[in-house]
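Taking my numbering, the leading residue of the sequence shown gets 296, the next gets one more, and so forth.
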Amino acid sequence: MDSHGNQPPPGSRRRRFVQENASYIPEKTSTIASNVGTNNVDRVAARQREHISVAGAKRMQMNAWHVLPGTRCMVLLILLLIVGIALSRMYHCSDVLLPLRARIALQYSVSALQDLARRLPDILNLAASDTPRITFEESHELRDLAAIRSGASIITPLTSPTYQIIEPWPARLYRKTMESIFQPEFTLSSSPNSTISTSTSAITCWPFVGAQGTVAIRLPEPHQIVSATVVFTSSALLRARVGVPAGFRLWGLISNDHRSLLPSSCLTSNGLFASHLVPLLDGDMDNTIPVLLSEWADETASSSDIAIPSSPCSVPLEMVIFEIKGSQIDAPFTCVNRFGLLGY
296 MDSHGNQPPP GSRRRRFVQE NASYIPEKTS TIASNVGTNN VDRVAARQRE
346 HISVAGAKRM QMNAWHVLPG TRCMVLLILL LIVGIALSRM YHCSDVLLPL
396 RARIALQYSV SALQDLARRL PDILNLAASD TPRITFEESH ELRDLAAIRS
446 GASIITPLTS PTYQIIEPWP ARLYRKTMES IFQPEFTLSS SPNSTISTST
496 SAITCWPFVG AQGTVAIRLP EPHQIVSATV VFTSSALLRA RVGVPAGFRL
546 WGLISNDHRS LLPSSCLTSN GLFASHLVPL LDGDMDNTIP VLLSEWADET
596 ASSSDIAIPS SPCSVPLEMV IFEIKGSQID APFTCVNRFG LLGY
């Protein structure tokens with residue numbers, strides 16, 4: 296109320312209070328904010344310490360659990376032993392309480408657990424000695440390198456041409472119809488890609504012209520080759536009419552830049568290599584030289600599987616050539632089913 300006895304409006308009293316205490320509000324606000332901030336920091340720090348302590352405890356538990364790799368096995372076996380003792384007591388008291396079939400089943404369980412109890416010390420010793428080992432050695436796994444799915448491809452200039460069967464369209468239609476109805480003894484592929492395809496059937500073979508030929512394979516990157524395989528038809532009908540591989544040589548192609556890395560005994564004269572490929576090696580293949588890795592010959596077998604021994608000549612290769620010798624000199628073509636190269 297003012298000096299004239301008038302009642303001040305409600306809003307003016309509130310404004311005057313704010314103006315009189317304006318100097319104290321920032322200080323109080325900052326103090327409260329400081330206290331709140333300090334409390335928040337303390338809470339966060341406390342939570343972090345709690346989290347770290349819990350995480351440390353969990354890590355200690357996990358480390359203690361992994362220090363003895365046989366801990367879980369030991370606990371399980373001890374539980375099984377307790378169950379076995381309980382079952383054994385039940386079995387001795389089951390003559391009247393249980394029917395015959397249940398007693399027989401219980402007897403089998405007791406016998407199995409007793410056998411486990413006899414072997415328990417050996418199992419625990421084995422589990423205790425099974426400590427985890429950290430190895431930094433690179434795992435070398437053998438795999439099929441001569442496969443399209445692995446990134447291999449046929450080098451066409453160094454591969455023999457495919458034998459083309461010329462037949463009238465009525466004969467071809469008749470043959471296709473009969474092959475769709477009856478299971479043929481063999482089928483002929485139209486591309487050398489079938490020799491490095493994992494989907495090639497066992498009766499499908501690729502025919503190359505003549506009795507001697509070559510198939511060159513490019514790998515996606517240099518690999519150490521440890522064995523080679525040539526699979527060809529076991530069809531007596533095909534073996535009687537045309538040729539099948541009776542032997543082969545496996546060559547590795549090395550550029551002249553790496554020639555000095557090989558001993559002189561590894562270098563082969565051009566006379567031993569396929570003569571028709573020598574000009575191609577000097578021209579299209581950047582002056583590469585052939586190195587003989589292995590050879591095989593068998594007139595009676597229907598497939599081959601040879602290991603390539605480790606030697607100074609067995610270096611990582613990116614290009615290989617199968618040089619094939621057919622079984623019949625005068626055969627119009629020679630058939631090959633599949634090539635395989637195992638390596639790292």
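Note that beta-carbon positions come from the ideal geometry of N, C-alpha and C, so glycine has one too. Predicted, not measured: the structure shown is a model, and the values here were computed from it.
Let me make sure I understand the geometry here. Which of the options has the alpha-carbon closest to that of residue i?
{"i": "Q623", "options": "G446, L572, I491 and V504", "result": "V504"}
{"i": "L514", "options": "E590, N632 and D439", "result": "D439"}
{"i": "H518", "options": "L545, L437 and L575", "result": "L437"}
{"i": "L556", "options": "E516, A541, V610 and R544", "result": "V610"}
{"i": "G542", "options": "D593, S589 and G508", "result": "D593"}
{"i": "S589", "options": "L533, A626, R444 and C561", "result": "C561"}
{"i": "C630", "options": "P465, T528 and E516", "result": "T528"}
{"i": "A535", "options": "F628, L612 and R633", "result": "F628"}
{"i": "D552", "options": "A531, P502, N582 and A442", "result": "N582"}
{"i": "R554", "options": "K471, L612, A531 and P502", "result": "L612"}
{"i": "T493", "options": "C608, L374, A442 and I377", "result": "A442"}
{"i": "P558", "options": "C608, L533 and T509", "result": "C608"}
{"i": "Y639", "options": "E516, W591, A531 and A626", "result": "E516"}
{"i": "S485", "options": "I461, T472, A531 and D625", "result": "I461"}
{"i": "L533", "options": "I377, A626 and L374", "result": "A626"}
Taking C-beta to C-beta, are residue i and residue j nearer than 8 angstroms?
{"i": "T454", "j": "A511", "result": "yes"}
{"i": "L637", "j": "V521", "result": "yes"}
{"i": "G446", "j": "T524", "result": "no"}
{"i": "L575", "j": "P487", "result": "no"}
{"i": "I449", "j": "I491", "result": "yes"}
{"i": "P540", "j": "F568", "result": "no"}
{"i": "Q459", "j": "G621", "result": "no"}
{"i": "L587", "j": "R544", "result": "yes"}
{"i": "L526", "j": "R444", "result": "For the record, residue 526 in the displayed sequence is Val; it is not Leu. Their beta carbons are not under 8 angstroms apart, which means V526 does not touch R444 by this criterion."}
{"i": "P465", "j": "L483", "result": "no"}
Does at least one heavy atom of the ligand COA sit under 7 angstroms from the Cβ of residue i?
{"i": "V586", "result": "Absence of the ligand COA is noted for the structure shown, with no ligands found whatsoever."}
Can you check DSSP and say which residues form a bridge with residue i?
{"i": "F568", "result": "In DSSP, F568 forms no bridge with anything."}
{"i": "A592", "result": "G542"}
{"i": "P585", "result": "L548"}
{"i": "R513", "result": "S448 and M614"}
{"i": "V521", "result": "DSSP output for V521 lists no bridge partner at all."}
{"i": "F634", "result": "V525"}
Any beta carbon of chain B sitting closer than 8 angstroms to that of residue i?
{"i": "E462", "result": "No chain B is present in this structure, which holds just one protein chain."}
>> If contact is defined by three or more beta carbon pairs under 8 angstroms, each pair taking one atom from either stretch, is the stretch 609 to 622 in contact with the stretch 492 to 501?
In response: no
> Between the stretch 472 to 479 and the stretch 533 to 552, are three or more C-beta pairs nearer than 8 angstroms?
Replying inline: no
> Can you list, in chain order, the stretches of the alpha helix (DSSP H) that have 4 or more residues and sit fully within the stretch 428 to 508?
Replying inline: 464 to 476
> Which runs of the beta strand (DSSP E) spanning at least 3 residues fall entirely within the stretch 604 to 631, listed in chain order?
Replying inline: Within the stretch 604 to 631, the runs of beta strand (DSSP E) at least 3 residues long that lie entirely inside it are, in chain order, 612 to 621 and 628 to 631.
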